[in-house]
Amino acid sequence: MARKDETGRWGEREAEKHLKKKGYRILGRRVRIAGRDEIDLVARDRDVLIFVEVKTRASERYGRPIAAVDRHKRQVTSRAAMRYIRKLKDPDVLFRFDVVEVVGTPDSPETVVRHVEEAYPLDRRYMI
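Per our numbering, residue 1460 is the first one in the sequence shown, and the count goes up by one each step.
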């Protein structure tokens, strides 16, 4: 049986493969911002910058993985995204927050991957 952190990394790789199949370009993995905030994946789909939260669960016995993206996680991701955008040479960019749900384990015979586009808005405390 895989450990939780191994399963999480595996889920991130599965999410990345899924996004690449859809034509997304991956700009970063486990992107650390200011030492404390982390964005699982940063991607680009044409002219849109996408901040991706990946949630991996072995099963959906206790609900969908997206349910774990609570208010606190959305605030942290919003803060990290704004810090990331400030570092860009052209900070006037379209962006959104997506969630990729991965249900399964590295050794399970079947894996379900769901991409939820525009899963949540920018937290209002970071709006300009």
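Note that beta-carbon positions come from the ideal geometry of N, C-alpha and C, so glycine has one too. Given the structure is predicted, the values throughout are model-derived calculations rather than measurements.
In this structure, the beta-carbon distance from residue 1473 to residue 1488 does not fall below 8 angstroms. When secondary structure is reduced to three states using DSSP, residue 1546 falls in the coil class, being assigned neither helix nor strand. In this structure, residue 1511 places its C-beta atom within 8 angstroms of the C-beta atom of residue 1500.
DSSP places residue 1489 inside the beta strand (DSSP E), whose first and last residues are 1484-1492. Around the Cβ of residue 1516, a 10 Å sphere holds 16 or more other Cβ atoms; the residue is buried. Sorting 1477, 1579 and 1548 by C-alpha distance to the C-alpha of residue 1557 places 1579 at the top. In this structure, residue 1539 places its C-beta atom within 8 angstroms of the C-beta atom of residue 1497.
About 6 angstroms separates the beta carbons of residue 1525 and residue 1560, which is inside the 8 angstroms limit, making them a contact pair.
The beta carbon of residue 1534 lies closer than 6 angstroms to those of 1582 in the same chain, with the five residues before and after it left out.
Nearest neighbour of residue 1509 by Cα position, chosen from 1522, 1483, 1529 and 1494, turns out to be 1483.
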